[in-house]
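Chains A and B supply the protein sequences, listed in that same order.
Read in this note's numbering, the first sequence has 203 at position 195, and its numbers run on one by one without any break.
Read in this note's numbering, the second sequence has 154 at position 80, and its numbers run on one by one without any break.
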Amino acid sequence: MKTKYNIVIGIFAMFLSSCTNDVEEQVYDKFQADEFYTSAEGADVALAAVYAQVGGNWDGVGYAGADNGWYDLNTMSADEQVIPHRTDGNWQLDFARLYIHEWLPSDLIVNNTWNWLYRSVFSANLAVEQLQNAEASQAKIAEAKVLRSFFYYLLMDDYGNVPFYTQNNITVEELPQSSRQEIYDFVVSELEENVPNLVNTKGGEYYGRFNMWAGYALLAKVYLNAEVYTGTAQWQACINTIEKLEAGGFSLHPGAANASSLNGYQYYDLFGDELPGDETILAMFATANTVSRNIYGLRSLSGPQGQALFGVNGWNGSIVPERFYNKYADGDIRKVQFLVGEQPGGVTYTPQVSSLDNPGAAPLAGVRSIKFYPVPPLDGGGGSNDFPIFRYADFMLMKAECYLRLGDASAAKPLVDAVRERAGLSALEGNPTLEDVYNERGFELNWEGQRRQDMIRFGTFLEPNDFRGQSSEYRELFPIPTSALDANPNLQQNPGY
Amino acid sequence: MSLSYKNIFGVHHIDALALYEWQQQTYQGNFSQARGFFNNETTYNALQAGDLSDVRPGDISSYKNDRSLVSFLGRINYTLMDKYLVSVSYRRDGSSVFGENNKWGDFPAASVAWRIDQESFMEDGIFDQLKLRGGFGITGNQQGLFPQQSLSLVSPSGITYFGGEQIRNFQISQNSNEDLKWERKKQTNIGVDFSLFESRLSGTIDAYTATTDDLLFNYTVPQPPFPYNTIAANVGSIRNRGLEFALSYEIIRNNDLQLTLGGNLSLLDNEVLNLSGSINGVDLNTNYIPWGSSSFLIEGEAIGTYAILQHESINSVGVEVVRDVNGDGIIDQGSRSPDRVMEGSALPTYNFAFNPTLRYRNFDFSMLWRGSGGNKIYNGLRQNLSLLESLGSSNVLESAVDLGLFTSQYGSDLWLEDGDFVRLENLTVGYNMLLEESQFLESVRLSITGTNLLLITDYSGVDPELNFNGGSGFGGDFGIYPRTSSVALGLQVKFK
């Protein structure tokens, strides 16, 4: 019997050794991250991928161009636009909640903006790391670092004290929630150090990218709002930075009437397909359905008017609050963007809106805007207008504001007048006041994502509007989204939420 | 491949098995679409008839991944005197979907049984059969895990504008976890099989407890520093316990009439024992893991426990008000919010079936009743169809008019309902003719069978028996494909 057992065991052993025991994982349709990024081209791809984060996409991704993300959060919480719930059942209430300052930590737009910004930081960290490993040029490394600072600037502006990291392989325990001051200090020192290393080429290969001028523009924005972020104003530093930016040779794009321009004025080239380089400092590139998109014109138009003008339905979404619209003087070419009364497609818009949420606005109530007059290729999902992140008119008004805050009203006057005159208005009779600058910023930069920040800096953000009373101070920061707090209990919510 | 060996040495009976198995599953697909067709005639049969100058990102895509599983199994069954049975087995499994160093797992199991009815002292007893069983085993699970999740990968992701041109974009495609390993389930069970009174009463009783460790799940992780908000990982353990009874009793047994009552009952209990663990070497406090609509994995609670905001009222303008449980003036919607209250679980605590059969001469009749309960269902469909703000853009329920709710920001317990039900799953009546005199036909049977004839439940939705088809999102009803009811007439003819 004993031999028989041995035979059995022997056969068993042979049988085991003849079998394959290969369970290695095969990857057919993706690339291994280490191998992919370690080549020089891979490092460039990592930098390009950061710009893919800037363009607007669905699900609240991107700076501007699409919906439910950073742009909606920062325009609809201000006084310049809102999407009312309609009595025909259209549009969820999230947008109206922004306008009446009743947004919630669990709101989709608050959450999308946070997730977008932190995925952008991750992607910028990756680019910095890969470019350094590949020993790329100093300019490219600086570009990735400036992009990262751009995202941290947006994070500190919206959320205040936020998690801060520059290395992706960090653990949650090592990830501090830095104070707004600490983020500010990081952004300022990072920009002061890296912006001078950026290339000074304008347009061409650098269209839509952070060159030196876009870098100084970003730094000027940070200094402009320093008092909000840290309690200490930096008006002179802002002026000095804008002066460095001026070395880039920017000027106001002409505003004159021109039949072949969008909305009939050359001014609207600034919001068209390829933004003119005389005034545009940093553009976000868009070609609908390929790279990003721009929905803002179509989102505002009613369905039939969209059909009549472009052969696709308008979304009947964003309106301009009546009191904001009423502030524009007649003869201001910037008023041309607004649509009131009878329109192609047989629709008539009325400026009055009686309700934003319950029961909601009548279907055709509210002033519409075609500042971003949809340009082809376009379809029902939006047009291909590029988006101005930074343009020179903004920085002229910023400089005027800084002069005024430092008590030099006469230095501010030519800057404000130039912006007014380009818009077809006369120069101010006397020197501008801070309020003049504030209003001019509203007229010039509406729907460009600057308004919430401006209102906070000028102290008007909490003031009552047509649909709410005085708002509470804590609303000057957005809440850290509920999902972020759930996943990381070490995070501290902003006060008041 | 398998090898088996059998031998009998007097009262010893040995039966051994060695088995090798290799499986590979390949998933492959491709997708293409076109637009701007010349006309509508060729449809998708000739995509090239579309406008090829208008190809956009996302119009063409393909993927391929695979998984392989290798198993070695050895098992020995030993029986002594046909009364005492022992079985021991050992398996070693390797799966490609785990991390580089964790692909293999070892899973032993053993069981014993005692056929008491074979003992001499049982010869005059009432039992026709009596068997006591017990076992312990470890099993591994890998099937729920998709391939490639242990690897840091880059995938093509649309187009980006860079350097003055449109170029292909690539990005890190997921949170990878190189530590992924087998989920292990340790199960202990004890049971008895019996039949007595000339086999008129028979049944089984089973009790088991199973603890699953290294639970594979998509855990929520913080963003930052992770670029995505979930990661597949082995964190946590859960325990399932159950008692199962099955009984069948022939009440009447004679030539003309036969009546049998059969049924079974299972009692289930489960608890999340632990959820803290580490992912990629990072300790994470992963409690309150989202599982379904307002349901979570919470340490110390049943799987899928609802922690849900409390509906209080609807205010004068039709907006829902929920209870501020901790009275701080803020309705916190976070997973761990003190304003949430636990209200049962999405998983049933019992299920049962009842199966009477009756035969009278040539007629037969049987029914199957089935049910389960003890669970709650989040009726998301009712929620979606109850908000008056959507009047004009979508249908609303008739009940929404009485409710008068214009809008709500909350998913409160207003939409939580009991999931108990009893269903008449099957009813059959038949008539059999034995045609002994016929030359060609042996028998003819006429029958009528109804399925899903009756559903008794307080649940307001279409059907409380939802399809739990894996992944997360359990226990919520967002619309299911309704079960059909049918009545079938049957004629069965057997030829000689």
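No residue lacks a Cβ here, since even glycine has one placed at the ideal position from N, Cα and C.
Quick caveat, the model's predicted, so the values are computed rather than measured.
Interface annotation, A/Gln34: in contact with chain B, CB-CB separation under 9 Å.
Of all alpha-carbon atoms in A/Gly450, A/Leu453, A/Ser418, the one lying nearest the alpha-carbon of A/Leu436 is that of A/Ser418. Shown here, A/Phe346 sits in a strand according to DSSP, grouped into three states.
Secondary structure of A/Val383 (DSSP, three-state): coil. Residues Asn82, Ser85, Ala86 of the same chain have their beta carbon placed closer than 6 Å to that of A/Arg460, with the five preceding and five following residues left out of the count. In this structure, A/Val180 keeps its C-beta atom at 9 Å or more from the C-beta atom of A/Phe159. If the five residues before and after B/Ser273 are omitted, its C-beta is found closer than 6 Å to the C-beta atoms of Asp202, all from its own chain and listed in chain order. For the pair of segments examined, the region 374-384 of chain B was found to touch the region 408-424 of chain B: the number of CB pairs separated by less than 8 Å reaches three. For A/Asp80, the uninterrupted alpha helix (DSSP H) run begins and ends at 78-84, by DSSP. Rounded to whole angstroms, B/Ala183 and B/Ser161 show a C-alpha spacing of 8 Å. In this structure, the alpha-carbon of B/Tyr282 lies about 7 Å from that of B/Gln261. In the DSSP assignment, A/Lys252 falls within the alpha helix (DSSP H) that extends over 243-254. Contact between the region 293-303 of chain B and the region 126-140 of chain A is present: three or more C-beta pairs spanning the two stretches fall below 8 Å. Taking a Cβ-Cβ threshold of 9 Å, none of the residues of chain A is close to B/Gln216; the smallest such distance is about 10 Å. Cβ proximity to chain B below 7 Å picks out nothing from the region 319-349 of chain A. Of the other Cβ atoms in all chains shown, 16 or more fall within 10 Å of the Cβ of B/Phe236; this residue is therefore buried. Linking B/Ala108 to B/Thr117 through their CA atoms gives a straight-line distance of about 10 Å. The beta-carbon separation of A/Asp277 and A/Ser269, rounded to 6 Å, stays under the 8 Å limit for a contact. It is roughly 37 Å from the alpha-carbon of B/Val186 to the alpha-carbon of B/Ser440.
Per DSSP, B/Val567 is one residue of the beta strand (DSSP E) stretching across 560-569.
Secondary-structure assignment with DSSP links B/Ile134 through a beta bridge to B/Ser106.
Residues of the region 105-139 of chain B that bring their beta carbon within less than 9 Å of a beta carbon in chain A comprise Asp128, Arg130, Pro131, Gly132, Ser136, Tyr137, Lys138, Asn139, in sequence order. Here B/Ile326 has Gln332, Leu333 as same chain residues with Cβ atoms under 8 Å from its own Cβ, once five neighbours each way along the sequence are excluded.
Cβ-Cβ separation between B/Val399 and B/Glu373: approximately 20 Å, too far for a contact (criterion under 8 Å). Residue pairing of B/Met507 in beta bridges, as defined by DSSP: B/Val518. Looking only at B/Asn119, B/Gln99, B/Leu154, B/Phe548, the smallest Cα-Cα distance to B/Ser106 is reached by B/Asn119. Taking 9 Å as the threshold, the shortest C-beta distance from A/Glu481 to chain B does not fall below it.
Looking only at A/Glu330, A/Asp80, A/Gln89, the smallest Cα-Cα distance to A/Asp166 is reached by A/Asp80. Annotated three-state conformation of A/Ile289 is strand, per DSSP.
Going by DSSP, B/Thr334 is part of the beta strand (DSSP E) stretching over 331-348. If only complete runs of 3 or more residues are kept, the region 134-164 of chain A shows no beta strand (DSSP E) anywhere. Taking 9 Å as the CB threshold, A/Asn297 lines the interface with chain B. Between A/Asn141 and A/Thr46 the beta-carbon gap is near 7 Å, inside 8 Å, which marks them as a contact. Between B/Gly445 and B/Asp494, the C-beta spacing is below 9 Å. Taken in chain order, the complete beta strand (DSSP E) segments of 3 residues or longer contained in the region 359-442 of chain A are 395-399. Looking only at B/Ile241, B/Asp537, B/Leu490, B/Ile150, the smallest Cα-Cα distance to A/Val58 is reached by B/Ile241.
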